[in-house]
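Asker: Just so you know, the sequences run in chain order L and G. Under the working numbering, read the first sequence as residues 136 to 473, first letter to last. Under the working numbering, read the second sequence as residues 431 to 965, first letter to last. So that we are looking at the same thing, I have put the structure below in structure tokens.
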Amino acid sequence: MLLKLIPDNTKITFMKLRIPALIMSAILLIGSIALVFTRSLNFGIDFAGGTVIEISEPADVNVEQIRSVLGGLNLGEVQVTEASGTGLNAERVVVIRIGKQGGDGMDAEQAGSEVSKKVLTALSAAIPSFNMDEDLRRSETVGPKVSGELLQDGLWALFWALLLMMVYITFRFEWHYGVGAVAALFHDVIITIGMFSLLQFEFNLTTIAALLTIIGYSMNDTVVVFDRVREERRRYKKLPLVRVIDIALNGTLSRTILTSGTTLLALLAIFFFGGEVLRGMSSALIWGILIGTYSSIFVASALLIYTGLDKHRDEDEAGNAAADPADDGEVAAGPAGN
Amino acid sequence: MLRFPAWKVAIILVVIIWGAMLALPNLLTQSARDNLPGFMPKAAMNLGLDLRGGSYLLIELDDTDARDPRLLELSSAIQENLILRSGEGGRINHEVSQVGSSVQVKVLDADKLGAALSRVRAVANDRFPAPPGGGAAFTVNRLPDNVVEVRLTSAGNAQGNDLVASTISVIRKRVDPQGVTEVSITPQGENRIVLEAPGESDPQRIKDLLSQAGQLSFHLVIEGSQRLQPTDENGLRPMTLPYPEIGPAGTLIVDQNDIMTGADVQRAYQAFNENGEAAVSFTLNNRGTRAFAETTRRYVNERFAIVLDGAVISAPNIREPIIGGTGQISGSFTIESATDLAAIIAAGQLRADLVFVEERSVGPGLGADSISAGTWASIIGLILVAAFMILAYGIFGVFAVTSLAVNIVLILGALSGLGATLTLPGIAGIILTIGMAVDANVLVFERVREEQRAGRSPMSALQKGYESALSTILDANVTTLIAALVLFQLGSGPVKGFAVTLAIGIFSSVFTAFVVTRWLTVSWMRWARPKKLPI
Chain L
136 MLLKLIPDNT KITFMKLRIP ALIMSAILLI GSIALVFTRS LNFGIDFAGG
186 TVIEISEPAD VNVEQIRSVL GGLNLGEVQV TEASGTGLNA ERVVVIRIGK
236 QGGDGMDAEQ AGSEVSKKVL TALSAAIPSF NMDEDLRRSE TVGPKVSGEL
286 LQDGLWALFW ALLLMMVYIT FRFEWHYGVG AVAALFHDVI ITIGMFSLLQ
336 FEFNLTTIAA LLTIIGYSMN DTVVVFDRVR EERRRYKKLP LVRVIDIALN
386 GTLSRTILTS GTTLLALLAI FFFGGEVLRG MSSALIWGIL IGTYSSIFVA
436 SALLIYTGLD KHRDEDEAGN AAADPADDGE VAAGPAGN
Chain G
431 MLRFPAWKVA IILVVIIWGA MLALPNLLTQ SARDNLPGFM PKAAMNLGLD
481 LRGGSYLLIE LDDTDARDPR LLELSSAIQE NLILRSGEGG RINHEVSQVG
531 SSVQVKVLDA DKLGAALSRV RAVANDRFPA PPGGGAAFTV NRLPDNVVEV
581 RLTSAGNAQG NDLVASTISV IRKRVDPQGV TEVSITPQGE NRIVLEAPGE
631 SDPQRIKDLL SQAGQLSFHL VIEGSQRLQP TDENGLRPMT LPYPEIGPAG
681 TLIVDQNDIM TGADVQRAYQ AFNENGEAAV SFTLNNRGTR AFAETTRRYV
731 NERFAIVLDG AVISAPNIRE PIIGGTGQIS GSFTIESATD LAAIIAAGQL
781 RADLVFVEER SVGPGLGADS ISAGTWASII GLILVAAFMI LAYGIFGVFA
831 VTSLAVNIVL ILGALSGLGA TLTLPGIAGI ILTIGMAVDA NVLVFERVRE
881 EQRAGRSPMS ALQKGYESAL STILDANVTT LIAALVLFQL GSGPVKGFAV
931 TLAIGIFSSV FTAFVVTRWL TVSWMRWARP KKLPI
């Protein structure tokens with residue numbers, strides 16, 4: 136009667152795939168870094184500074200006209216786009232983006248803070264049906280100083296999150312596990328940033344929030360697998376590490392699928408029904424859950440094999456363990472899928 | 431693990447009921463909330479500006495040119511000292527002016543520069559004693575053209591370290607003179623102020639109110655007067671100020687000495703003049719009343735100018751002596767601009783220029799749309815997750831979903847009880863928690879499945895499942911909690927709301943999964959006594 140998504144007693148030999156998986160991850164990593172350097176990121180105003188104004192789409196005026204009205208204001212780079220607003224029966228909106236204003240220090244701040252007034256005054260004059268009280272949906276301006284600080288704060292937050300995870304994992308596990316877990320975190324963060332660069336999604340403060348959440352989720356997933364690896368190593372002292380990892384991964388596979396499944400369902404609900412404001416965040420999280428689940432298996436666990444964990448005995452088995460030193464993970468990997 | 435004595439059950443029920451009571455006000459209208467009995471909590475969640483609409487302004491104080499009221503006192507003390515004949519070098523002719531955060535004394539008797547320097551230093555020493563931490567509170571410098579400058583050091587500025595606090599008080603008086611709105615004004619860091627105005631989706635009026643320094647003074651008008659012509663004896667010194675009222679390039683020549691300043695104005699409010707036009711009425715304090723009466727008695731039929739931030743706003747005739755200490759400023763005002771001017775005058779002078787370095791405003795339309803979008807996304811997310819869990823685990827899924835419902839009630843209760851602010855990303859945090867909260871249940875259920883397959887009896891499998899899942903559950907949730915804490919440190923406004931719901935969600939998820947689900951499961955097993963767990 137129950138829906139068995141994952142059959143009992145799976146014996147998938149994940150670790151057989153570790154070499155191609157690690158190569159693929161390496162390619163994705165290099166590609167992401169290259170993308171960030173060549174295509175850069177589409178920074179939102181949080182990090183780039185500037186102004187965003189969203190208004191209800193006026194009935195009698197098209198985007199082209201708005202563009203020409205604003206073009207006359209001499210505000211530098213102006214982008215005008217149409218979008219569908221937030222909500223189930225979303226009305227059409229017009230989003231106006233204006234770049235950072237020139238000038239030095241406080242002059243630039245001052246010029247930036249006058250942009251929204253200039254734009255709204257010009258729109259009111261040019262569009263008869265535009266009523267500021269009703270049609271202005273949002274207006275945001277971030278000055279050059281604050282945008283620089285926000286970017287710095289965001290990067291520091293990523294740094295601290297990664298560092299604290301590293302501290303926690305080495306505190307709870309052996310350092311061998313820590314290496315794998317943290318490598319997986321960097322892998323997830325860098326590839327997610329790479330995706331933002333590839334698709335030119337707006338990269339802003341909520342993206343950083345999403346990245347931190349991905350770090351939390353990916354670590355959560357990795358810890359569940361590692362807990363199981365540690366437990367199975369105590370149970371099967373003579374089995375080669377590769378086999379033990381496969382047993383642990385199969386033991387947690389059903390949980391992995393179910394939890395990422397429910398989390399993805401919740402995120403899809405946000406993506407489709409949570410409106411435009413949350414779309415960037417939810418798309419980052421959806422991607423992050425997928426990559427985080429993948430990396431727990433094929434990065435974090437796979438790297439355990441290369442950190443010398445097989446030569447090392449977990450703490451409480453030190454004296455009585457009878458692990459055969461000849462059990463080399465590499466060699467024994469072959470017949471694992473019995 | 432599987433025992434639930436009465437006291438444990440009681441604690442579980444108390445927690446759930448308390449959470450439900452805290453969450454309840456969110457479902458009620460304001461009037462229904464007011465009618466709740468006294469013991470019930472009445473506070474609903476605060477909605478963030480992104481949900482209810484409103485403006486957020488981050489204001490930076492440009493303190494390179496901070497106007498310190500102590501410098502004004504220093505100026506007059508220097509003036510008083512330098513005209514004394516008994517001092518070193520006798521009477522020294524000079525002009526004193528305040529330039530930014532310094533006082534400049536132009537010494538007109540060039541041969542007495544040295545004497546002037548030491549007397550200015552003595553006066554400044556008297557006014558600004560060295561700070562206890564060492565160093566000097568000010569420096570005295572010689573500038574070209576026989577100018578002596580007294581400039582406060584950063585230590586001296588810090589002694590009057592209420593720049594931010596006094597600015598906040600002026601901002602509050604200007605933006606919210608009646609004290610009726612929900613505007614929140616808080617300091618941030620060294621020299622920044624956060625202003626949040628719920629419901630005000632156009633920050634322009636607030637910005638206009640704050641863009642003026644509000645330096646008010648009253649002067650005699652020299653231009654066009656027979657009597658008021660500068661001579662050596664009467665001490666009148668002409669200065670030309672813009673007078674926009676009479677034309678874009680209009681100017682007016684007035685006396686540099688002021689009759690009184692904004693500090694002498696006790697009250698200012700919007701009123702109407704005899705022609706029924708909007709005007710600003712003001713009341714003076716004792717000192718101002720005396721000075722004003724004295725001047726207006728002496729100069730009937732002359733004019734005086736009311737000067738705000740270096741521009742004349744009005745220059746009325748003195749028709750008769752004004753001895754009551756009240757007056758009126760007329761001009762081409764609307765009711766709104768007169769109200770704003772009254773607020774600016776009454777609030778007093780801003781000691782530093784304000785620069786708006788970040789501003790975000792959300793209109794009521796987008797806020798309402800966001801609430802409905804967030805609600806729909808939550809409901810749909812919850813239904814999907816519930817269906818998935820029940821399909822995967824049957825009756826156990828029902829238990830997990832029940833405890834998920836309790837979880838949501840507890841999150842809402844905690845948010846209301848803590849007075850936290852719900853933002854749109856915060857709603858996303860709740861939905862994400864819905865998805866992740868079942869994780870702990872899943873971990874346990876999977877263990878129970880395994881133990882049962884390994885041949886354990888139902889009760890023993892359940893016992894073992896909970897035991898072995900516990901450390902994993904704690905480990906896994908600590909990592910998410912770390913991420914939430916870092917987020918909280920990083921965030922402002924919306925992002926902080928996300929961090930708060932995520933963190934609260936972690937605690938309530940662990941509680942509901944590990945305690946509530948377990949209690950439900952155990953109670954069901956004692957009642958149904960299944961031979962095999964349907965899992």
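Just so you know, even glycine gets a beta-carbon here, dropped at the ideal spot from N, CA and C. Model, not experiment: these values are computed from the prediction.
1) How do the segment 449-460 of chain G and the segment 835-851 of chain G stand: do at least 3 beta-carbon pairs fall below 8 Å, yes or no?
2) Are the segment 755-766 of chain G and the segment 599-617 of chain G touching, with three or more C-beta to C-beta distances below 8 Å?
3) Do GLY426 of chain G and ARG879 of chain G have their C-beta atoms closer together than 9 Å?
4) Run the CB neighbour count on GLN460 of chain G, radius 10 Å, all protein chains shown included, and call it buried at 16 or more, exposed below.
5) Please determine, among G:GLY609, G:ASP869, G:PRO746, the residue with the shortest C-alpha to C-alpha distance to ALA777 of chain G.
6) Give the C-beta separation of ILE233 of chain L and LEU210 of chain L to the nearest angstrom, bearing in mind that I take them to be a contact with Cβ-Cβ under 8 Å.
7) Report all residues from its chain with a CB closer than 6 Å to the CB of SER791 of chain G; omit the five preceding and five following residues, and keep chain order.
8) Closest by CA to ILE392 of chain L, which one among L:ARG365, L:VAL412, L:LEU425, L:GLY415?
9) Among the residues of its own chain, which have a CB less than 7 Å from the CB of ARG697 of chain G, if the five just before and after it don't count?
10) Measure from the C-beta of PHE786 of chain G to each C-beta in chain L and report whether the shortest distance is under 9 Å.
11) Can you check whether the CB of LEU432 of chain G is closer than 9 Å to the CB of VAL831 of chain G?
12) If you follow the alpha helix (DSSP H) that PRO467 of chain G is part of, which residue opens it and which one closes it?
13) Could you give the C-beta distance for ILE349 of chain L and GLY423 of chain L, rounded to a whole number, given that I count them as a contact under 8 Å?
14) Our contact map puts THR293 of chain L next to LEU334 of chain L with C-beta atoms below 8 Å; I'd like the distance itself, whole angstroms only.
15) Closer than 7 Å by C-beta to VAL196 of chain L: which residues in its own chain qualify, once you throw out the five before and the five after it? Chain order, please.
16) Counting only beta-carbon separations shorter than 9 Å, does ASN144 of chain L have a partner in chain G?
17) For LYS446 of chain L, count neighbouring Cβ atoms within 10 angstroms of its own Cβ and tell me buried if that reaches 16, exposed if not.
18) Quick one: any contact between the segment 857-867 of chain G and the segment 805-818 of chain G, if contact means 3 or more CB pairs under 8 Å?
19) So PHE336 of chain L is in the beta strand (DSSP E); what residue range does that whole segment cover?
20) Going along the segment 251-276 of chain L in order, which residues come within less than 9 Å of chain G, judged by CB to CB distance?
21) Per the DSSP calculation, ASP492 of chain G is bridged to which residue(s)?
22) Distance, Cα to Cα, GLY544 of chain G vs THR569 of chain G?
23) For THR276 of chain L, I'd like the list of residues in its chain whose CB is within less than 7 Å of its CB, leaving aside the five on either flank, ordered along the chain.
24) Against chain L, with Cβ distances strictly below 9 Å, would SER800 of chain G count as a contact?
25) On the three-pair Cβ rule with 8 Å, is the segment 923-938 of chain G touching the segment 371-387 of chain L?
26) Apart from the five residues on each side of it in sequence, which residues of its chain come closer than 7 Å, Cβ to Cβ, to ARG551 of chain G?
27) What residue does the alpha helix (DSSP H) around THR276 of chain L start on, and which one ends it?
28) If you draw a straight line from the C-alpha of MET354 of chain L to the C-alpha of THR428 of chain L, how long is it?
29) Under three-state DSSP, which class holds ALA844 of chain G?
30) Scan the segment 324-347 of chain L for residues whose Cβ lies nearer than 8 Å to a Cβ of chain G and list them as they occur along the chain.
31) Could you check if ARG948 of chain G is buried or exposed, using at least 16 other CB atoms within 10 Å of its CB as the buried criterion?
32) Comparing the C-beta of GLN645 of chain G with each C-beta of chain L, is any distance below 9 Å?
33) Would you call the segment 779-791 of chain G in contact with the segment 365-374 of chain L, where contact means no fewer than 3 C-beta pairs closer than 8 Å?
34) Taking C-beta to C-beta, are GLY721 of chain G and ILE689 of chain G nearer than 9 Å?
35) Could you say if the segment 574-581 of chain G and the segment 525-541 of chain G meet the contact criterion of at least three C-beta pairs nearer than 8 Å?
36) Where does HIS447 of chain L fall in DSSP's three states?
Answerer: Checking against the coordinates, here is how it stands:
1) These segments touch.
2) With the rule of 3 Cβ pairs closer than 8 Å, the segment 755-766 of chain G does not count as touching the segment 599-617 of chain G.
3) Any answer about residue 426 of chain G is impossible in this case: the structure gives chain G only from 431 up to 965.
4) Its Cβ having fewer than 16 others within 10 Å, GLN460 of chain G is exposed.
5) Per the Cα distances, G:GLY609.
6) Right, the Cβ-Cβ distance comes to about 5 Å (below 8 Å), so this counts as a contact.
7) Around SER791 of chain G: SER485, SER631, PRO633.
8) The option with the nearest alpha carbon to ILE392 of chain L is L:LEU425.
9) If you ignore the 5 residues before and after ARG697 of chain G, its C-beta comes within less than 7 Å of the C-beta of PHE712, THR713, ALA776, all in its own chain and listed in chain order.
10) For PHE786 of chain G, the answer is yes, since a Cβ of chain L falls inside 9 Å of its Cβ.
11) LEU432 of chain G sits away from VAL831 of chain G, with the two beta carbons spaced by 9 Å or more.
12) Segment: none, PRO467 of chain G is in no alpha helix (DSSP H) and carries neither H nor E.
13) Contact between ILE349 of chain L and GLY423 of chain L holds: their C-beta atoms lie close to 3 Å from each other, under 8 Å.
14) It is worth fixing the name first, because residue 293 of chain L is Leu in this sequence and not Thr. With 8 Å as the limit, LEU293 of chain L and LEU334 of chain L do not qualify as a contact, their Cβ atoms being about 20 Å apart.
15) Once the five neighbours on either side are set aside, the close Cβ partners of VAL196 of chain L are ILE262.
16) True, the Cβ-Cβ gap to chain G drops below 9 Å.
17) Label assigned to LYS446 of chain L: exposed.
18) With a cut-off of 8 Å, the segment 805-818 of chain G and the segment 857-867 of chain G count as touching, because enough Cβ pairs lie within range.
19) No beta strand (DSSP E) contains PHE336 of chain L, which DSSP labels as neither H nor E.
20) For the segment 251-276 of chain L, the set of residues with a beta-carbon nearer than 9 Å to any beta-carbon of chain G comprises SER251, LYS252, LEU255, MET267, ASP268, GLU269, ASP270, LEU271, ARG272, ARG273, SER274, GLU275, THR276, in chain order.
21) BP columns for ASP492 of chain G point to G:ASP783.
22) Approximately 16 Å between the Cα atoms of the pair.
23) Excluding positions up to five away in sequence, the list reads THR186, GLY247, SER248, VAL250, SER251.
24) Nearest CB-CB separation between SER800 of chain G and chain L: below the 9 Å threshold.
25) No, the segment 923-938 of chain G is not in contact with the segment 371-387 of chain L.
26) Same-chain partners within the cutoff: VAL570.
27) No alpha helix (DSSP H) contains THR276 of chain L, which is instead part of the beta strand (DSSP E) from 271-277.
28) Roughly 10 Å between the two C-alpha positions.
29) Residue state, collapsed to three classes: helix.
30) So the list reads LEU340, THR341, ILE343, ALA344, LEU347, given in the order they occur along the chain.
31) The Cβ neighbour count for ARG948 of chain G, taken over all protein chains shown within 10 Å, is at least 16; the residue is labelled buried.
32) With 9 Å as the cut-off, GLN645 of chain G does not count as an interface residue toward chain L.
33) No, the segment 779-791 of chain G is not in contact with the segment 365-374 of chain L.
34) It should be pointed out that residue 721 of chain G corresponds to Ala in this sequence rather than to Gly. With respect to ILE689 of chain G, ALA721 of chain G sits close: the two C-beta atoms are nearer than 9 Å.
35) Because the criterion of three Cβ pairs below 8 Å is met, the segment 574-581 of chain G and the segment 525-541 of chain G touch.
36) Reduced to three states, the DSSP call for HIS447 of chain L is coil.
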